[in-house]
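Enquirer: Dropping a structure here in structure tokens format, bear with me for questions.
In my numbering, the protein residues as written are 9 to 195.
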């Protein structure tokens, strides 16, 4: 059965129990923060991999042109060289003057920067759409290399935060047995 305890014993037990409950809440909060860091790092890694093909670009991904030119920054779903891109865009009704730079190319994708006259923009866009042109998923007003640097700095800070949170969690290791074996109510 239950044994009778003094008020002082009960008060001491209650203080210990409350301290352990606070520790449990702290552990859960620290683990949640570590999980949030992990999630944010994964998101940053995804954005960095999406920015990688654009690293050579000297204008922001959101650049749309100047007063007299239209800019197309995006990708095509196949491998193109400068010559094969010129040939593909020359097909059709009339050849439009343009200047293109292939920023990166692989078997499955070619990333490019293309300028044409503003008055030819709609026709050029139609030609590019026929080839499967798509704008980058993360259009930013910053240069891709600057955005990448900013994201890597943020990721490094999050990794440091993760290490700090882990060291705080490790401190609770010495209380593990007490946390696992202390009953919720006096017996």
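Glycine included, each C-beta is placed from N, C-alpha and C at the ideal position.
In chain order, which continuous runs of the alpha helix (DSSP H) of length 4 or greater are located wholly inside the stretch 57–100?
Expert: The qualifying runs are 90–98.
Enquirer: Taking only three categories from DSSP, how would you classify residue 109?
Expert: Strand, per DSSP.
Enquirer: Can you tell me the Cβ-Cβ gap for residue 32 and residue 177, rounded? I've got them flagged as a contact below 8 Å.
Expert: About 12 Å; that fails the 8 Å criterion.
Enquirer: Assuming residue 84 contacts residue 141 (C-beta within less than 8 Å), just tell me the rounded distance between them.
Expert: With 8 Å as the limit, residue 84 and residue 141 qualify as a contact, their Cβ atoms being about 6 Å apart.
Enquirer: With C-beta atoms as the reference, is residue 125 less than 8 Å away from residue 77?
Expert: Against a cut-off of 8 Å, the Cβ pair of residue 77 and residue 125 comes out as a contact.
Enquirer: Tell me the DSSP secondary structure of residue 121 in three-state form.
Expert: Residue state, collapsed to three classes: strand.
Enquirer: Where does residue 149 fall in DSSP's three states?
Expert: Three-state DSSP puts residue 149 in coil, outside helix and strand.
Enquirer: Given residue 166, which residues of its chain have a CB within under 8 Å of its CB, disregarding the five upstream and five downstream residues?
Expert: So the list reads 45, 48, 49 and 52, once near-sequence residues are dropped.
Enquirer: Taking the DSSP output, what are the residues bridged to residue 142?
Expert: For residue 142, which the question treats as bridged, DSSP gives the partners 83.
Enquirer: Going by C-alpha to C-alpha distance, which of 19, 147, 99 and 36 sits closest to residue 139?
Expert: Measuring from the Cα of residue 139, the nearest candidate turns out to be 99.
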